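Okay, structure first, notes after.
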Amino acid sequence: MFSKELLKGTLKTIILKLLEEKGRMYGYEITQHVKSLSDGKLILTEGALYPTLHKLESEGLLKTEKIFLGKRARKYYSLTPAGNKASISRLKEFREFSAAMHMILFSKTNPDGH
Amino acid sequence: MVTELNNQQIAYVEDFLTAHQLDYPPLKEEMLDHICCMIESRMAEGISFHLASKKVFDTFGKDDMKELQDQTIFLLEQKPLTMKKISFLVLGLLLTAFTLVWGMKADPPSSYPLGKDFEVTSHFGMRLHPVYKKKKMHFGIDFRAPVGTPVYATSDGVVEKVAEQKRGYGNHIVLRHDDSFKSLYAQLSEIKVDSGQSVKKGDLIGLVGSSGTSTAPHLHYEVIKDGKKVDPVNYFTP
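Chains A and F supply the protein sequences, listed in that same order. Mapped onto my numbering, the consecutive letters of the first sequence carry residue numbers 31 to 144. Mapped onto my numbering, the consecutive letters of the second sequence carry residue numbers 133 to 370.
Written as structure tokens, this is what we have:
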């Protein structure tokens, strides 16, 4: 498990990227997918996932559709055009951030970080 | 084998959510499906609904659902507030910038520095210099006037320079009116303003004299536009 702080800054990026690949997903499906992609190392709690999903929807990055299964309603999320743009720019940003972090923490001038 | 909860089981899960104070409808509906999925996935491993639901319910702390809901509502309400703050900030900045630019935009120096009753003894342009006796460019206008005649600012502005010299301009003042225009008043006997002081059009700034390179009491007046001396006559308004 990773710390809350680490996850907090990357959760939106994860959600946007998954939806970009999968088209549409519902909440439980996202948690399962993240778990399996990370070999169980990254667990999305409901308490982190749903507030973020609703937030992204209110920002116009996600749209939703509801499918009724008897008494249950399943809410599917997918990217809006703005969400698609955000996914691309967030991925680029994270790639650069990750490279910079790598340079800072694991460069030769810092042998302890190896 | 795919296990699906029946209506009675779904109602049981719903009661769990209600007991945990999850009452925001869109979230409740969503969490209902989520927890049903969790239970179904455990039941697929071959355990009963009773055991599976107990195990799933146990993964949630007493206040987890309430916190989830509070956090969601908090994030949703944050948006209009932030947008409002940002728009106020932008509006404020625009207003400030506009005021500053507008404030800097004074009229060009347009009034007569001594009033209209004084004779122009030397115009802007080439002339025979009265002291050096050579043809020289005259970069301003000379008004003949007795020593002590009041000199007035020809537009709103700030005193950019106050100088006392024995030669050339003698005692003189430079006013800055805006980004473009300045005016200069020379050969004064007295200076009545300080450098950096704001002045309004028509304010008394000095008195006519004959200081500097001068043959008789007069006011030498210049208008400077974008660093270039221009004929003041073009800016006087009747």
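Where a beta carbon is used, it is the ideal one built from N, C-alpha and C, also for glycine. Small disclaimer: the values here were computed from a predicted structure and weren't measured.
- Secondary structure note for Gln-319(F): its beta strand (DSSP E) is the uninterrupted segment 313-323.
- Linking Asp-288(F) to Lys-267(F) through their CA atoms gives a straight-line distance of about 34 Å.
- In the three-state reduction of the DSSP assignment, Ile-97(A) falls in the strand class, which pools E and B.
- For Ala-103(A), the closest Cβ of chain F is nearer than 9 Å.
- Beta-bridge annotation (DSSP): Ile-356(F) is paired with Lys-314(F) and Lys-361(F).
- Around the C-beta of Tyr-107(A), 16 or more other C-beta atoms lie within 10 Å, and the residue is accordingly described as buried.
- Here Arg-104(A) is buried. Its C-beta has 16 or more other C-beta atoms within 10 Å.
- Residues of chain F whose Cβ lies closer than 9 Å to the Cβ of Lys-85(A) are, in chain order, Thr-204, Leu-207, Leu-208, Gln-210 and Lys-211.
- Comparing C-alpha distances from Tyr-264(F) to each of Ala-176(F), Asn-138(F), Ser-346(F) and Gly-359(F) shows the shortest one belongs to Ser-346(F).
- Taking the beta carbon of Asp-165(F) as reference, the chain A residues within 9 Å of it are Tyr-56, Gly-57, Tyr-58, Leu-99, Arg-102, Ala-103, Arg-104 and Lys-105, listed in sequence order.
- Burial check for Asn-366(F): the Cβ neighbour count within 10 Å stays below 16, so the residue is exposed.
- Collapsing the DSSP output to three states places Leu-37(A) in a helix.
- Only residues of its own chain outside the window of five on either side were considered, and among them His-152 and Leu-154 have a CB closer than 6 Å to the CB of Met-197(F), listed in chain order.
- For Glu-89(A), no beta strand (DSSP E) segment is defined, and its DSSP state is neither H nor E.
- At a cut-off of 9 Å, the C-beta of Glu-76(A) has a neighbouring C-beta in chain F.
- According to DSSP, residue pairing for His-270(F) in a beta bridge involves Gly-257(F).
- The segment 165-206 of chain F contains, as complete alpha helix (DSSP H) runs of 4+ residues, the segments 181-190 (chain order).
- At a cut-off of 9 Å between C-beta atoms, Leu-159(F) counts as an interface residue with respect to chain A.
- Closer than 9 Å to the CB of Leu-200(F) there is at least one CB belonging to chain A.
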